[in-house]
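Heads up, the thing below is written out as structure tokens.
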Amino acid sequence: MSSHSQDRSIGTTRRTAFALGAAVATLVALAPAAQAFPNPFQQTIPGCTPAAPGLPNGKQWPVEPALTIDTAATHTATLETTCGTLALDLDAAAAPRTVNSFAFLAAEGYFDHTRCHRLTTEGIYVLQCGDPTATGMGGPGYKFDDENLAGAVYPAGTVAMANAGPGTNGSQFFLVYRDTQLPPNYTPFGRITDGLDALTNVANAGVAGGGPDGTPVADVVFNAVRTTQS
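Quick note: to get the working numbering, add 1354 to the position in the sequence shown (first position is 1).
In structure tokens:
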């Protein structure tokens, strides 16, 4: 797969491969001001509401956070979006570093006020999120290795990491709204237990401009992302 860092050239890359990642090799997060105004290509559709006031904090860290979660515990996440709330079960046993990073970023408010920047409706069926710049090039400043790839599959409800190649995970992830065939290159670390209908509603609204891959018509913003350990 080619890197999704080239969001602007999706039209040429999608026929050869569907990219799901950030430009980690040249990763430079833009300032939060990059999202000071709504994306003019996105709209509030039925079932969605305007975003809560606020901007992504755009924090950066030089290294991956230390592993602090209990991998034997139950981990869940709540994604409060402008188009509905998604509940996730996170698989800390199979993807400990990934769940640890996700929980760390959520606790830092890193995902709050970020927009889901990419929807794909042909070939693969995913909504990509987690980039504070909403460009496909943002990330937290660190990267970490892949996990849980042996026999990885991506049925509807899967939550997996986007990347720009092996060992380049950061903050971007994708939500699978319909069974999708992908090579086992993307760390699956959770599943949607509630709210898949909201995700399907976003997918049904389509891509801005009518293509199969690009900015979603629906303005999907994370008002808040929280994780729990029990």
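Cβ atoms here follow ideal geometry from the backbone N, Cα and C, with glycine treated the same way.
Where residue i sits in the DSSP three-state scheme
i                  : result
alanine 1589       : In the structure displayed, the chain extends from 1355 to 1584; residue 1589 sits before or after that span and is not available.
arginine 1580      : strand
asparagine 1523    : strand
phenylalanine 1572 : It should be noted that the sequence gives alanine, not phenylalanine, for residue 1572. Correct three-state label for alanine 1572: strand.
alanine 1385       : In this predicted model, alanine 1385 has a pLDDT of only 31, less than 50, meaning its place in the structure is not dependable; the value taken from the coordinates is given anyway. The answer is coil: DSSP assigns alanine 1385 none of H, G, I, E or B.
alanine 1562       : helix
leucine 1503       : coil
proline 1450       : helix
threonine 1554     : helix
Beta-carbon separation (whole angstroms), residue i vs residue j, contact threshold 8 Å
i               : j                  : result
leucine 1433    : valine 1579        : 5 Å
glutamine 1583  : alanine 1427       : 5 Å
glycine 1490    : phenylalanine 1465 : The Cβ separation is near 16 Å, so there is no contact.
isoleucine 1546 : valine 1513        : 7 Å
threonine 1474  : alanine 1446       : About 27 Å; that fails the 8 Å criterion.
alanine 1516    : phenylalanine 1528 : 5 Å
threonine 1554  : tyrosine 1540      : The Cβ separation is near 21 Å, so there is no contact.
proline 1566    : glutamate 1476     : 3 Å
alanine 1442    : glycine 1544       : Strictly speaking, residue 1442 in this sequence is leucine, with alanine absent from that position. Rounded, the Cβ-Cβ distance is 5 Å, consistent with contact.
asparagine 1411 : glycine 1463       : 6 Å
Closer than 6 Å: residue i CB and nearest the ligand PLP heavy atom
i              : result
threonine 1554 : No copy of the ligand PLP appears in this structure; indeed no ligand is present at all.
Cross-strand partners of residue i (DSSP beta bridge)
i                  : result
phenylalanine 1498 : Asn1523
tyrosine 1508      : Thr1534
aspartate 1548     : Ala1441
aspartate 1567     : Thr1474
valine 1513        : Leu1529, Gly1544
alanine 1431       : Leu1442, Thr1581
alanine 1481       : First, the amino acid is wrong: residue 1481 is leucine here, not alanine. Leucine 1481 pairs with Leu1473, Leu1529.
glutamine 1397     : Ala1572
Cβ shell of residue i (< 6 Å), same chain only, five flanking positions each side left out
i              : result
threonine 1581 : Ala1431, Ala1457, Ala1460
serine 1429    : In the sequence as displayed, the identity of residue 1429 is histidine instead of serine. Correct list, in chain order: Leu1444, Ala1446, Val1453, Gln1583.
alanine 1448   : Asn1502
valine 1480    : Thr1474, Phe1528, Val1530
Same chain, Cβ closer than 7 Å to residue i, neighbours up to 5 away in sequence not counted
i              : result
proline 1520   : Asp1500
aspartate 1533 : Pro1509, Ala1510
valine 1571    : Gln1396, Gln1397, Ile1399, Ala1559, Gly1560, Val1561, Ala1562
glycine 1420   : A small correction: the amino acid at residue 1420 is alanine; glycine does not occupy that position in the sequence shown. Closer than 7 Å at the Cβ level, and outside the excluded window around alanine 1420, lies no residue.
Contacting residues, own chain, Cβ-Cβ under 8 Å from residue i (five flanking each side not counted)
i              : result
proline 1416   : Gly1495, Tyr1496
threonine 1439 : Thr1432, Leu1433, Asp1548, Gly1549, Ala1552
Legend entry - Contact the region 1462 to 1476 vs the region 1569 to 1576: 3+ CB pairs below 8 Å: yes
Inset, instruction - State whether the region 1395 to 1415 contacts the region 1503 to 1510, with contact taken as three or more CB pairs (one from each stretch) at a distance under 8 Å. - result: no
Inset, instruction - For the region 1434 to 1453 and the region 1488 to 1503, state whether three or more C-beta atom pairs, one from each stretch, are separated by less than 8 Å. - result: yes
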